[in-house]
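**Q** For the sequence shown, counting from 1, position 264 maps to 268 in the working numbering; every step adds exactly one. Submitted below is the structure of interest, expressed as structure tokens.
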Amino acid sequence: MSSIENDTFLDRSLRPALWEEYVGQKNIKDNLKILLQAAKERNHPPEHLLFYGPPGLGKTTLAHLIAKEMSAQIKITSGPAIEKVGDLASILTNLSPGDILFIDEVHRLNKMIEEVLYPAMESGMLNIVIGKGPGARVIQIDLPPFTLLAATTRVALLSSPLRSRFSGGTYRLEFYTEEEITEIIKRSAGILGIEIDEAGAIEVARRSRFTPRIANHLLKRCRDYAQITKKSLDLKTVKEALALQGIDEMGLTDPDRQILDIIISKFNGGPVGVGTIATAISEEDATIEDVYEPYLIQLGFIERTSRGRVATQRAYEHMGFDYPSSS
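See below:
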């Protein structure tokens, strides 16, 4: 069974394999091309790079493209997976010259591991403490030249010393435009062997929260619906499939609408604290702040204030409530 036929590997197959296939993030791509070309001409690994932004915008894809551009092996891990100094030491000492180490969710590294990472990034040295107390000694291990690529969804949680070690630059990935998402959907449809018309692709893009990962997920669910109902994947079918998923014309899901409904109907439009909202819909505070809130703010449906979250007139109109007139 090919990777295209097996849903387990679909997301991997939809990732761009060439710079020309990577849609959007033009400023980042232009800067990286210069950095990588200069590194190749010097015959030296690129400097360490940090990517940050909401989930699903292409941070991991960029890491793979950089590795391919440099003809380098990429080793992938994540902050939570590196639990002990020994884990990091094992990863670093097994790198070959020119390898790329990609650490996802790097903000979840513990501080002890960060301290070991600093000299590894700066001077290519791994300092290991052997023993405890007066008899403790430090062993220094030379590391091969390597590039650390790191990604995070919460850059504010990174310590300043760690952020400063990314000498190649820190890059923020932006949300995509509707046109860029439509182009991504058409490309993915071609890879998956899906026939979707222009209007259908635009409708999927409009509801994808400006995020490629979500766009590909919605495309696959529309494909499933069209397959089972024996319909062509046109605008009408896309709308039916997405309505079945509970995704409205603005891309809001049930939890998004619950948040707006709670602020408007239970707290008179706010202000209301994020902890109260999280309790009301049985979610974690961090989930509200990281998953749902950024999109609602981007749409102009809620505002952050010093006293809490406030629903805007646009939110009232979208949810079908009358906006209270100012007295």
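Just so it is clear, CB atoms sit at the ideal spot from N, CA and C, and this is done for glycine as well.
Starting from SER82, follow its DSSP beta bridges and name the residues at the other end.
**A** DSSP, once it has assigned bridges, lists ASP108 as partnering SER82.
**Q** Among the residues of its own chain, which have a CB less than 7 Å from the CB of HIS52, if the five just before and after it don't count?
**A** The residues are MET125, THR151, LEU152, ARG169, PHE170, SER171 and GLY172.
**Q** Could you tell me the alpha carbon to alpha carbon distance between VAL314 and GLY279, rounded to whole angstroms?
**A** Computed Cα separation, rounded: 14 Å.
**Q** What are the start and end residues of each continuous beta strand (DSSP E) run of 3 or more residues lying completely inside the region 50-99, in chain order?
**A** Qualifying beta strand (DSSP E) stretches, in chain order: 53-56 and 78-82.
**Q** Let me make sure I understand the geometry here. Which of THR186, ALA67 and CYS226 has the alpha-carbon closest to that of ALA21?
**A** Checked all of THR186, ALA67 and CYS226; the closest Cα to ALA21 is ALA67.
**Q** Along the beta strand (DSSP E) that carries GLU307, what are the first and last residues, could you check?
**A** It spans 306-309 - the beta strand (DSSP E) in which GLU307 sits, taken as one unbroken run.
**Q** At what residues does the alpha helix (DSSP H) containing TYR299 begin and finish?
**A** Looking at the DSSP string, the run of the alpha helix (DSSP H) that includes TYR299 is 297-302.
**Q** Please confirm if the region 281-292 is in contact with the region 318-327, defined as three or more CB-CB distances below 8 Å between the two stretches.
**A** Contact between the region 281-292 and the region 318-327 is absent, because fewer than three Cβ pairs lie under 8 Å.
**Q** From LEU161 to GLU184, what does the alpha carbon distance come to, in whole angstroms?
**A** Using only the alpha carbons, I get a separation of about 30 Å.
**Q** Give the straight-line distance between the Cα atoms of GLN231 and TRP23, rounded to the nearest whole angstrom.
**A** Looking at the two C-alpha atoms, the distance is approximately 32 Å.
**Q** From THR85 to ARG19, what does the alpha carbon distance come to, in whole angstroms?
**A** Residue identity differs from the one stated: residue 85 is Ala in this sequence, not Thr. Using only the alpha carbons, I get a separation of about 24 Å.
**Q** Take the Cβ of ASP103 as the centre, count every other Cβ of all protein chains shown within 10 Å, and call the residue buried at 16 or more, exposed below.
**A** Classification for ASP103: buried.
**Q** How many angstroms separate the CA atom of ARG191 from the CA atom of GLY128?
**A** ARG191 and GLY128: Cα-Cα distance of roughly 41 Å.
**Q** Could you give the first and the last residue of the continuous alpha helix (DSSP H) run that contains GLY279?
**A** Where GLY279 is concerned, the enclosing alpha helix (DSSP H) stretches over 278-284.
**Q** Provide the residue span of the beta strand (DSSP E) that contains VAL314, from first to last.
**A** Segment 312-315, the beta strand (DSSP E) holding VAL314.
**Q** Who are the Cβ neighbours of ILE80 in its own chain at under 6 Å, not counting the five residues just before and after it?
**A** Around ILE80: PHE106.
**Q** Which value, in whole angstroms, describes the spacing of the CA atoms of ASN35 and LYS63?
**A** The alpha-carbon atoms of ASN35 and LYS63 are separated by roughly 15 Å.
**Q** Going by DSSP in three states, THR156 sits in which element: helix, strand or coil?
**A** Reduced to three states, the DSSP call for THR156 is strand.
**Q** Please state the DSSP three-state secondary structure of THR233.
**A** Residue state, collapsed to three classes: helix.
**Q** Check whether the region 193-207 and the region 232-242 touch, using three or more Cβ-Cβ pairs below 8 Å as the test.
**A** Yes, they touch.
**Q** What's the C-alpha gap between ASP294 and PRO58?
**A** For ASP294 and PRO58, the distance between alpha carbons rounds to 8 Å.
**Q** With GLY83 and HIS111 assumed to form a contact (beta carbons below 8 Å), what rounded beta-carbon distance in angstroms separates them?
**A** Indeed, because the Cβ distance is near 6 Å, the residues count as touching under 8 Å.
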